[in-house]
Structures are given as C-alpha cells and as structure tokens.
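S.K.: Take a look at this one; I'll ask things after.
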Amino acid sequence: MRASLRDGQRERIASFLAHQRTGVISTTGSPGVWAMPVWYRPDSSASGRRHLKVDCLVPRWADIAHHLTPDCRVLLIVEAASGAGLRWLQIQGTVQQVEAPDWATLLPRWLSTAEPHALYVVVRVTPSRIDLIDEDLGFGVQETLEW
C-alpha cells in the first residue's frame with residue numbers, strides 16, 4: 043500500500059512539474075545566500091521521470107551560477123496550478139551541471155543569434171525531498187515525498 047501511495051505522489055508531483063516552466067533556485071555559500079528565477083524542464087531521461095529530476099537554465103552572468111558547484115545543496119520553488127489559493131512545490135536536493143544539454147527541449151523557440159550555451163549553464167536538480175504546500179487544503183505542507 044505504501045509503494046502505491048508514493049507512486050501516486052510521484053505522478054501528482056510530476057504533473058505539477060510538467061505544467062509549469064519557471065521557478066526560483068537558491069543556494070548558500072561562504073559570503074551568503076543566492077537566488078535566481080530560472081526556466082526549467084523535467085529531465086527527459088527515463089530515470090528522470092522516475093526520480094523527478096529537473097533541468098534548470100541558469101544565466102551564466104548570475105552570481106548563483108558560480109556557486110552551483112557539484113553536489114551542492116539547493117532549494118527550487120515551483121508554483122503549481124491551483125484553485126483560489128497558492129500551491130507550490132518546495133524541492134530540496136543536490137545539483138550537477140549537465141555537460142550535453144538537450145537545447146531543443148530546454149529552449150524549443152530559441153531565436154537568438156547567440157548560442158544557448160554561451161548564455162546559460164544547465165544544472166540538474168536531484169531531489170532528496172519534495173514538499174507540496176497547498177493553501178486550498180489548509181495551512182502548511184500537505185504532502186512530502188522523500189528519498
């Protein structure tokens with residue numbers, strides 16, 4: 043019974059992630075905290091769908107791009123579609139740079155004359171915990187999925 047509940051949670055959370063494209067990623071370092079709005083896409087690999095990994099486009103000029111070192115801890119906040127109240131996912135995990143990103147999937151309508159890799163770094167967030175906060179259902183965390 044517990045496994046099917048987790049599978050149901052994964053499907054619901056994957057659906058929220060699939061229907062939005064922006065979030066805010068943050069991390070900390072020796073001088074302080076950094077946060078940046080990012081475009082994201084769920085990881086399109088088979089393991090990505092199972093593990094709910096997320097690829098984020100981080101502008102190279104942003105300070106946070108220099109602090110997203112391999113395996114550093116991050117927090118990604120993604121708004122989820124909702125009724126009258128706010129609903130969002132709070133994704134805690136680690137980050138790895140994607141060496142060969144699928145630019146066509148990440149930026150399907152790319153029109154710039156600059157190459158995407160000249161402007162963005164792609165990092166993959168691997169969640170260790172995802173919280174669903176849904177004000178339609180009351181105050182606080184409504185569901186938690188941990189690995």
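Just so you know, we're using the numbering used here here: the sequence shown kicks off at 43 and counts up by one. No residue lacks a Cβ here, since even glycine has one placed at the ideal position from N, Cα and C. Since this is a predicted model, take the numbers as computed values, not measurements.
Check residue 53 in the structure and name its three-state DSSP category.
M.R.: Numbered from its first residue, the sequence shown carries residue 53 at position 11. In this structure, residue 53 counts as helix in the three-state DSSP scheme.
S.K.: Roughly how many whole angstroms lie between the Cα atoms of residue 186 and residue 172?
M.R.: Position 144 of the sequence shown, counting from 1, holds the residue named residue 186. Position 130 of the sequence shown, counting from 1, holds the residue named residue 172. Cα-Cα distance, rounded: 6 Å.
S.K.: Identify, in the order they occur along the chain, each residue of the same chain with its Cβ nearer than 7 Å to the Cβ of residue 107, setting aside the five sequence neighbours on each side.
M.R.: Position 65 of the sequence shown, counting from 1, holds the residue named residue 107. Taken in chain order, the residues that qualify are 100, 101, 163.
S.K.: So, is residue 75 buried or exposed, given that buried needs 16 or more other C-beta atoms within 10 angstroms?
M.R.: As a working mapping, residue 75 is identified with position 33 in the sequence shown. Label assigned to residue 75: exposed.
S.K.: Hey, which unbroken runs of the alpha helix (DSSP H) at 4 residues or more fall wholly within the region 97 to 137?
M.R.: Listed in chain order, they are 105 to 109.
S.K.: Which stretch, first to last residue, makes up the alpha helix (DSSP H) that contains residue 77?
M.R.: Translated into positions along the sequence shown, residue 77 becomes position 35. Note, residue 77: premise wrong, no alpha helix (DSSP H); beta strand (DSSP E) at 74 to 84.
S.K.: Give every residue of the same chain whose Cβ lies closer than 7 Å to the Cβ of residue 51, excluding the five residues on either side of it in the sequence, and list them in chain order.
M.R.: Here the question's residue 51 lines up with position 9 in the sequence shown. For residue 51, where only same-chain residues beyond five positions count, the Cβ hits under 7 Å are 185, 187.
S.K.: Assuming residue 131 contacts residue 179 (C-beta within less than 8 Å), just tell me the rounded distance between them.
M.R.: Working through the sequence shown from its first residue, we reach residue 131 at position 89. Working through the sequence shown from its first residue, we reach residue 179 at position 137. So it is not a contact: roughly 14 Å between Cβ atoms.
S.K.: Can you look up residue 158 in the DSSP assignment and give me helix, strand or coil?
M.R.: As a position in the sequence shown, residue 158 is number 116, starting the count at 1. Reduced to three states, the DSSP call for residue 158 is helix.
S.K.: Which residues share a DSSP beta bridge with residue 166?
M.R.: Looking up residue 166 in the sequence shown gives position 124. In the DSSP output, where bridge partners are listed per residue, residue 166 has 97, 138.
S.K.: May I ask which residues mark the beginning and end of the alpha helix (DSSP H) holding residue 148?
M.R.: For this step, residue 148 is matched to residue 106 along the sequence shown. Run containing residue 148: 145 to 148, per the alpha helix (DSSP H) assignment.
S.K.: Count the other CB atoms, across all protein chains shown, that sit within 10 Å of the CB of residue 181; report buried if there are 16 or more and exposed otherwise.
M.R.: By 1-based counting over the sequence shown, the position of residue 181 is 139. The residue in question, residue 181, is exposed, as its Cβ has fewer than 16 Cβ neighbours within 10 Å.
S.K.: Among 166, 103, 137, which one has its Cα closest to the Cα of residue 144?
M.R.: The count along the sequence shown starts at 1 and reaches residue 144 at position 102. For the residues 166, 103, 137, the minimum Cα distance to residue 144 belongs to 166.
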